[in-house]
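This report concerns only the one structure given below.
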Amino acid sequence: MKAYFYAKARQIERHREWMIRTFGVGLGVATTRPIVGMFFAFRRMTPHEFFGIAFWLGFTITFIAAEAWIDYTRYQDIRTARITEQAPEHVAV
Amino acid sequence: MSVPKRASRLLWFAVIFLVVIGIAAVTRRSLALVWPHCFSGNAGAAAGLDAGFARQAALTFVHILPGALFLSLAPFQFAPGFRQRHLRLHRAMGTGLVISAVIIGVSALIMSFKMTSAAPTRPPLLRCTPLFF
């Protein structure tokens, strides 16, 4: 919802970040599948015991990955902006 | 936004891999709900899970079909080429994705309370998952 409102307000950078977060959470459901598969393979716990853990792990992993990507791209943007600012000085020297 | 090509490729690979897993899960669940005698698990934990979803078949479909739509359409929203060429479609799809995300969230919340197969040993933890995310 926040992503949608930011798009309406034409705050595209914020919109992009919230869409990445939303999609990160959306992909969490796919991440839980291999985790559930691993729990099934090791058979140390019953499905009733590991389902909650697998869901929290799956959603949290992709959520953290999305946050990391947002942070990384923000840093790249700042670095590019700095390089562009410094470039004319280097050319002059 | 400037990102190294390798990082971007790696991310796209991971996203497509997860989208394929998600759509495969939706397909398998749909088949198990429509033709339980062919696609449901016969014994063990898988059979218990399938039976749990079968008891709430309508609710499960309300949850997983928008989920499949969300997973298959959302990656296009992030493709710069698609966004630049089809801005109107990008906006229309965005509205559709918001609607499907709301349906997914609300149905997940209802499912977590209605479906007993979902980890009865730790209900508070699992039940607050949709609320948290």
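So the sequence lines, in the order shown, correspond to chains C and Y.
Position one of the first sequence corresponds to residue 1 (this note's numbering), numbered consecutively onward.
Position one of the second sequence corresponds to residue 1001 (this note's numbering), numbered consecutively onward.
We put the CB at the ideal spot given by N, CA and C, even for glycine.
Can you pull the chain Y residues whose beta carbon is under 8 Å from the beta carbon of Tyr4/C, in chain order?
Simply Gly1094, Thr1095 and Val1098.
Going along the chain, which residues of its own chain have a beta-carbon closer than 7 Å to the beta-carbon of Val93/C, five neighbours each way excluded?
A caution first: Val93/C carries a pLDDT of 44, below 50, which makes its placement in the model too unreliable to give a value.
Just mark Gln1056/Y as buried or exposed, buried being the case when its beta carbon has 16 or more other beta carbons within 10 Å.
Answer is buried; the Cβ neighbour count reaches 16.
Hey, does Ala7/C have any beta-carbon neighbour from chain Y nearer than 8 Å?
Chain Y contact via Cβ: present.
Taking the alpha-carbon of Tyr6/C as reference, which of Gly1094/Y, Arg1028/Y and Leu1031/Y has the nearest alpha-carbon?
Ranking Gly1094/Y, Arg1028/Y and Leu1031/Y by Cα distance to Tyr6/C puts Gly1094/Y first.
Quick one: Cα of Glu17/C to Cα of Cys1038/Y, how far?
If I take the Cα positions, the gap works out to 43 Å.
Taking a contact to mean a Cβ-Cβ separation below 8 Å, would you say Pro95/C touches Leu1049/Y in this structure?
Within the shown structure, residues of chain C are numbered from 1 to 93, placing residue 95/C beyond reach of any answer.
If we count Cβ pairs, one from each stretch, closer than 8 Å, do we get three or more for the segment 1058-1075 of chain Y versus the segment 1101-1110 of chain Y?
Result yes; three or more Cβ-Cβ pairs closer than 8 Å.
Nearest to Val1020/Y by CA position, among Tyr75/C, Pro34/C and Gly52/C, is which residue?
Among Tyr75/C, Pro34/C and Gly52/C, the Cα nearest to that of Val1020/Y belongs to Pro34/C.
So, is the C-beta of Gly1013/Y closer than 8 Å to a C-beta in chain C?
Checking the displayed sequence, the identity of residue 1013/Y turns out to be Phe instead of Gly. Not closer than 8 Å to any Cβ of chain C, the Cβ of Phe1013/Y fails to qualify, so no.
Taking DSSP as the reference, what is the three-state secondary structure of Thr46/C?
Here Thr46/C sits in coil by DSSP.
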